[in-house]
Amino acid sequence: MESITAVKGFLFGSLGALGAAISSIYGGWDSALTTLLIFMGVDYITGLAVAGVFQKSPKTENGALESKAGWKGLCRKGMTLLIVLIATRLDMAIGSSFIKDAVVIAYIANETISIVENAGLMGVPIPDAVQRGIEILTKNKEEN
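Numbering (my numbering), first residue to last: -18 to 125.
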């Protein structure tokens, strides 16, 4: 029983140290970063539901779950976090906080659009104002 307690202590201590290191390289943990991670998780889960349950994924030929599409999604989310890290370090280099904030807000908006699109693919009614807003944002994104 004592060895289990030691293993748990080591495991929790290691996870705590890892969390502290990650928080440190991101310049501390804030609500915007938490929001981004939550939205990324919700987007991934709703994407899995669209493909797995509703089989309407636009990312696969038959609309069903495909490990390659899921892996690509995770890689994109990882790259998003790396870009946020780069923005954070740029802010630290010039002594500001607006670059990270702008990047995080842009990615939160992007995740929000994706979540709403997934909801639409599931048959959830989307208000017209939200649909128009997404169309405008998507159009602007494609033009740039």
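Virtual Cβ for every residue (Gly too), placed ideally from N, Cα, C.
In the three-state DSSP reduction, Leu118 falls in the helix class (H, G or I).
Around the C-beta of Asn99, 16 or more other C-beta atoms lie within 10 Å, and the residue is accordingly described as buried. With fewer than 16 other beta carbons inside 10 angstroms of its own, Val(-12) counts as exposed. Pairing Phe35 with Ser77, the inter-Cα distance amounts to about 45 Å. Counting along the chain, no alpha helix (DSSP H) covers Asp11, and no H or E run does either. In the DSSP assignment, Thr61 falls within the unbroken alpha helix (DSSP H) covering 48 to 75. By the criterion of at least three beta-carbon pairs nearer than 8 Å, the segment 51 to 68 is in contact with the segment 24 to 31. Put simply, the backbone Cα of Glu92 is about 23 Å away from that of Asp72. Excluding the 5 residues flanking it on each side, Leu102 has same chain C-beta neighbours closer than 7 Å at Val31, Phe35, Lys37, in chain order.
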